[in-house]
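This report refers to the structure that appears directly beneath it.
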Amino acid sequence: MSGTTSAMVRFSDVTKTFVGDNGPFNAVDGVTLDITRGEIFGVIGYSGAGKSTLVRLINALELTSGGTIEVDGRSITGLPEGALREVRAGIGMIFQQFNLLSSRSIAGNISYPLEVARWPKAKRKARVAELLDFVGISDKAKQRPSQLSGGQKQRVGIARALATNPGILLADEATSALDPETTQDVLALLKKVNAELGITVVVITHEMDVVKTICDRVAVMERGKVVELGDVYSVFANPRHPATRRFVEATIKDRPSKDALERLRRRHPHHLITVSVHEDGTSGGRITDVLSANSVQGSIIFGGISEVTERPFGSLTWELVGTPADIARSIETLKGYTRVVDLGTAEHPLADPDAYAPGTETDRPDAQSPSAPLPLDRLAAENAAQIGGIDPGNPNPLGGFRKGNR
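So this is what it looks like as C-alpha cells:
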C-alpha cells in the first residue's frame with residue numbers, strides 16, 4: 001500500500017443489509033468515518049452491534065449494500081474479484097480462535113500466505129525467521145499449534161498476518177479467548193506492531209478495557225450505527241450515548257450502582273456527590289480546598305482512579321456535611337472544574353442517571369447475521385481469504401501442495 005492520504009480507511013454512508021428471520025435489517029447502517037493512517041482504531045459494541053460486519057467490509061469479505069469504502073485512497077466498492085485480491089494482500093487479519101492450520105508447524109503457518117503470494121523459498125524462510133523473532137517465539141518454529149498456549153497461538157496469528165508486509169492489521173476479538181495477563185501481552189505486541197512497523201491497526205472488541213489500553217480513537221456501535229466517535233480519553237471522560245456510558249461504567253467501576261448507592265445511603269445519610277477526576281488537575285486536593293473554603297466537611301466513601309491511554313481517569317463519591325447553602329455553593333464551584341452528579345441525601349435522594357446497571361447491554365442475535373456461526377465451507381473460504389488475500393471462492397490455491405511440515 002502506498003497511498004498518501006491521511007485516511008487509511010474511509011467509510012462514506014456505508015450500509016450492509018442482511019435478511020434475517022424477521023426480514024431485512026441493516027447490520028451496518030449509514031456509517032461515515034475515517035480511520036487515520038498509522039493509528040490504532042477501536043470499534044466497540046455489544047453482540048449484534050455490527051462491528052464484525054464493519055471490519056469484513058474493509059477487506060471486502062462482505063460487500064456493501066450502499067455507500068462507498070476507500071482503502072489507502074482507492075475505492076474498493078464495486079471492484080472485481082481480481083482487484084480485491086490485490087487489496088486483501090495489503091490487509092492482515094487475526095482472529096479470536098487463532099485459526100491456525102493444525103497440520104503445519106508454526107513456521108509453516110507463518111509461511112502459508114507467502115506461499116500463496118509465490119515468494120521464493122529462500123525469501124520465505126528468511127521472512128518467517130524475522131517474524132518469529134519479532135513476536136518472540138523463535139524457539140517454537142518446529143512445534144505444532146496444539147503444543148502452544150493461547151497467547152503463543154495468537155503471536156503466531158499476528159506473525160502470519162504480518163507476513164506480506166500489510167499496511168492494515170484487522171484484529172477481530174483477538175484477545176477474547178485469552179486470560180487477563182496474556183491479553184496484556186498480546187495488546188503490548190499490537191502496540192509494538194503499530195509503533196515499530198507503522199501499521200494501521202483496527203481493533204474490533206466488546207471489551208472497553210482493550211480500547212482504553214491501546215487505542216488512539218474509538219467508534220461505538222449500536223444496531224448498525226456509529227453512535228459515538230472520538231479520541232479514547234474524551235469518550236471515556238464525557239460519554240454521550242447510553243451505550244458508551246454502559247461500557248465506561250462497566251469497565252472503570254468507579255461509581256456506585258443503584259444497589260450499592262442504596263447501601264451507601266444507609267451508612268452515610270448526609271449529602272452525597274460523585275465528582276469526576278480527569279488529567280486536567282481535578283484531584284482530591286482541589287476538591288478538599290473547595291469544601292474547606294465553604295465550611296463543608298467531606299469524606300470519600302466510594303470511587304476509583306484508573307488509567308486511560310496512560311492518563312488518570314475516574315470518579316470519587318463524597319459524603320458532605322454542612323449547611324444546605326454551603327453544600328450548594330460547594331457543588332456549584334466544583335462544577336466549574338469538572339462534572340459533578342448530585343445524589344442528594346438519604347432523606348431526599350437523587351438518582352445517578354449514568355449509574356451502571358448490569359444486564360442492560362443491547363443484544364440482537366439475528367440468526368443470519370455474521371454474528372451467528374457461519375457454514376463450515378463459507379468459514380473455510382473466508383479464513384483462507386483473510387489469511388492469504390485470495391479468492392474466497394478458491395480457498396485452496398495451492399491444491400495438494402498443503403500437506404507436510406513446512
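UniProt numbering puts the sequence shown at residues 1 to 406.
Glycine included, C-beta positions come from ideal geometry on N, C-alpha and C.
Would residue i and residue j be called neighbours here (beta carbons separated by less than 8 Å)?
i	j	result
P239	E228	yes
G151	F98	no
L272	T317	yes
G314	D254	yes
Q154	L169	no
K212	V308	yes
V128	L162	no
T333	V290	yes
V341	D326	no
Under 6 Å Cβ to Cβ from residue i, same chain only, skipping five residues before and after it: list those, please.
i	result
A171	I94, V203
N59	R88, I91
A7	D34
F247	M208
D216	E39, I40
F134	none
P24	T17
R265	A346
Measuring alpha carbon to alpha carbon, tell me which residue in the options is nearest residue i.
i	options	result
D209	T183, I199, T200	T183
E39	D72, K335, V201, E115	V201
R56	L343, V296, I91	I91
S176	N165, E207, D254	E207
G167	E86, W119, D259, K140	E86
V31	G50, G23, L178	G50
D72	I199, A219, S257	I199
R263	K123, P349, F25, I69	P349
S146	R74, D254, R118, S105	S105
K16	D326, K225, S276, K258	K225
E310	I214, V135, E332	I214
G66	F18, Q96, R74	F18
D29	P324, L343, T244, G48	G48
P312	A237, E332, F134	A237
L261	G45, F302, N22, G23	F302
G42	V218, K123, L79, L343	V218
Where residue i and residue j are concerned, what is the direct C-alpha to C-alpha distance, given to the nearest angstrom?
i	j	result
L101	N109	6 Å
D278	R339	It should be noted that the sequence gives His, not Asp, for residue 278. The alpha-carbon atoms of H278 and R339 are separated by roughly 10 Å.
L33	D13	8 Å
E249	P180	19 Å
P370	I137	At P370, the pLDDT of 43 sits below 50, so the modelled position is not reliable and the matter cannot be decided from this model.
H268	E319	7 Å
T274	S292	17 Å
G298	T288	7 Å
E62	V9	15 Å
V296	H270	12 Å
L187	K125	27 Å
L234	N165	In the sequence as displayed, the identity of residue 234 is Ser instead of Leu. Looking at the two C-alpha atoms, the distance is approximately 32 Å.
V140	L131	The amino acid at residue 140 is misidentified as Val; the sequence shows Lys. Rounded to the nearest angstrom, the two C-alpha atoms are 12 Å apart.
T345	S276	19 Å
L148	K142	11 Å
E196	R37	14 Å
W119	Q96	28 Å
R144	S103	8 Å
P397	V116	Bear in mind that the predicted position of P397 carries a pLDDT of just 45, short of 50, making it unreliable; the figure below should be weighed with that in mind. If you take the alpha carbons of P397 and V116, they lie about 7 Å apart.
S306	E81	47 Å
V321	A328	11 Å
P242	L343	19 Å
G285	N22	56 Å
Using the rule of at least 16 other Cβ atoms within 10 Å of the residue's Cβ for burial, across every protein chain shown, is residue i buried or exposed?
i	result
N405	A caution first: N405 carries a pLDDT of 39, below 50, which makes its placement in the model too unreliable to give a value.
E173	buried
N294	buried
F11	buried
G336	exposed
S330	buried
P256	buried
V220	buried
T53	buried
A27	buried
P113	buried
A107	buried
residue 472	In the structure as shown, the chain begins at 1 and stops at 406. Residue 472 is therefore absent and cannot be evaluated.
R160	buried
I300	exposed
If I measure Cβ to Cβ from residue i and keep anything under 7 Å in the same chain, skipping five residues before and after, which residues do I get?
i	result
G304	I252, K253, D254, G314
T77	T64, T68, I69
T360	Note on T360: pLDDT 49, under 50, position unreliable in the model; the coordinate value appears next. Closer than 7 Å at Cβ, skipping near neighbours: R246.
With a CB to CB cut of under 8 Å and the five nearest residues on each side skipped, what residues in its chain are close to residue i?
i	result
T244	V220, V227, E228, V235
L79	A60, V87
Indicate, with yes or no, if the ligand GTP has a heavy atom lying under 7 Å from the CB of residue i.
i	result
S146	The ligand content of the structure shown is nil, which means the ligand GTP is not present either.
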